[in-house]
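>
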Amino acid sequence: SPQNPELQQARTELETTLTDLSADLDDLVESVRAIETDPYRYGLELEEVSRRRKLVDDVGREIEGMRGELTRAVSTAEAGGAGTAGGGLPSPADFETGDDDEGTGAGDDYYAQMEQQRQVDLMHEQDEQLDGVFRTVGNLRQQANDMGRELEDQTGMIGEVDTLADRVGGKLQNGVSKMRHIVRRNEGELLHDGTVLSGID
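No gaps in the numbering here: position 34 of the sequence shown is 266 in this note's numbering, and each next residue is one more.
1) Express the C-alpha separation of S282 and Y272 in angstroms, rounding to a whole number.
2) Between the C-alpha atoms of G252 and Y274, what's the straight-line distance to the nearest angstrom?
3) In this structure, does DSSP put G300 in helix, strand or coil?
4) Sorted by chain position, which residues of the same chain lie with C-beta nearer than 8 Å to L278's C-beta, five sequence neighbours on each side aside?
5) DSSP three-state call for D258: helix, strand or coil?
6) Under a Cβ-count criterion, where at least 16 other Cβ atoms within 10 Å of its own Cβ denotes burial, should T249 be classed as buried or exposed?
7) Quick check on R265: buried or exposed, where buried means 16 or more other Cβ atoms within 10 Å of its Cβ?
8) Could you check what DSSP says for E280 in three-state terms: helix, strand or coil?
9) Measuring CA to CA, which of Q345, R350, L260 and M346 is closest to K286?
10) Hey, would you say L302 sits closer than 7 Å to L246, going by beta carbons?
11) Does the ligand FAD have even one heavy atom less than 6 Å from the beta-carbon of E347?
12) By Cβ distance below 6 Å, which residues in the same chain neighbour G300 in space, the five residues on each side in sequence not counted?
13) Rounded to whole angstroms, how far is the Cβ of S254 from the Cβ of I295, which I believe are closer than 8 Å?
14) Helix, strand or coil for G476, going by three-state DSSP, please let me know.
15) Could you name the residues of the same chain whose beta carbon sits closer than 7 Å to that of D385, not counting the 5 residues immediately before and after it, in chain order?
16) For D270, which of helix, strand or coil comes out of DSSP?
Laid out in structure tokens, this is it:
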């Protein structure tokens with residue numbers, strides 16, 4: 233739900249961390265540019281400098297891809313929380329048959345089951361999207377660590393690379409894990425509600 237305070241907080245934390253990560257990446261880009269001006273000073277060949285430039289560019293694309301994944305995941309959560317608003321499900325009134333209380337009750341049950349199933353499907357979809365974000369985080373961490381090892385013996389830029397790796401490996405993974413926990417807990421509640429509904433039949 234867009235009003236879920238936990239989900240909103242997790243989203244805000246991830247967005248803030250992505251912003252911080254982008255700033256770290258900007259610093260790293262500047263560092264690579266410094267190497268490009270005099271690569272031989274650091275004992276690097278031009279091919280190696282080009283490879284590192286490509287690696288930095290790849291990390292930048294990963295970050296932007298993660299922003300997109302986060303946006304889609306949150307949009308799915310908001311769609312799930314919107315209930316029937318624009319959801320295409322029929323109104324409970326459509327199932328009413330005059331004064332037939334039994335018919336009305338059956339219609340309400342069908343509507344509730346349809347809505348509950350829709351919510352579960354949306355939660356599954358969001359969980360898959362968050363899994364994609366989590367995998368991207370792991371890729372970023374590996375890339376940052378690889379670059380850190382390469383630069384360690386040659387320049388003083390390892391501190392910046394470590395900062396990048398720490399943020400990817402720490403805050404982002406914790407944030408994604410928190411969002412996944414919220415989604416799965418909500419999914420469990422929906423499944424529980426469905427069980428209760430079926431028991432009332």
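Built from N, CA and C at the ideal position, the CB exists for glycine as well.
With the structure as the only source:
1) 13 Å
2) It is Asp, not Gly, that sits at residue 252 in the sequence shown. Spanning the two alpha carbons is a distance of roughly 28 Å.
3) helix
4) P271
5) helix
6) buried
7) exposed
8) helix
9) L260
10) yes
11) What this structure holds is no ligand at all, so the ligand FAD is not there to describe.
12) none
13) 6 Å
14) Since the first residue shown for the chain is 233 and the last is 433, residue 476 is missing from the structure and cannot be characterised.
15) Residue confidence is low: D385 scores 46 on pLDDT, short of 50, so the model does not pin down where it sits. No coordinate-derived value is stated.
16) coil
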